[in-house]
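Below is one structure, written out as structure tokens, with a few remarks after it.
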Amino acid sequence: MRKYYECRNCMQRVTTSSYQSTCPDCDGRLRNIAVPRE
16 MRKYYECRNC
26 MQRVTTSSYQ
36 STCPDCDGRL
46 RNIAVPRE
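When we follow this note's numbering, the leftmost residue of the sequence shown carries the number 16, and every step to the right adds one.
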């Protein structure tokens, strides 16, 4: 299953099949954008 993350610092998007918590570009914090938020 693919997981979609977005960096809170640089807005880089990452698609991966495993859990990832830091951005590969800036080491910022990633958030899961596949989960709907209000």
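Here a beta-carbon is modelled for each residue, glycine too, at the ideal position from N, C-alpha and C.
Remember, it's a predicted structure, so these values are computed and weren't measured experimentally.
Worksheet item: Any idea which residues DSSP pairs N47 with across the strands?
Response: Position 32 of the sequence shown, counting from 1, holds the residue named residue 47. Note: N47 sits in a beta bridge opposite Y20.
Worksheet item: Smallest Cα separation from Q27: which of S33, R17, Y34 and R44?
Response: To locate residue 27, count along the sequence shown from 1; it is residue 12. The candidate whose alpha carbon is nearest that of Q27 is R44.
Fill in: Straight-line gap, R52 to S36 (C-alpha atoms, nearest Å)
Stepping through the sequence shown from its first residue, residue 52 is reached at position 37. Stepping through the sequence shown from its first residue, residue 36 is reached at position 21. Taking the straight line joining both Cα atoms gives about 18 Å.
Worksheet entry | Given C41 as reference, the closest of T30, Y19, R23 and R17 once Cα atoms are compared | For the purposes of this step, residue 41 is taken as the residue at position 26 of the sequence shown. Taking only the C-alpha atoms, the option nearest C41 is R23.
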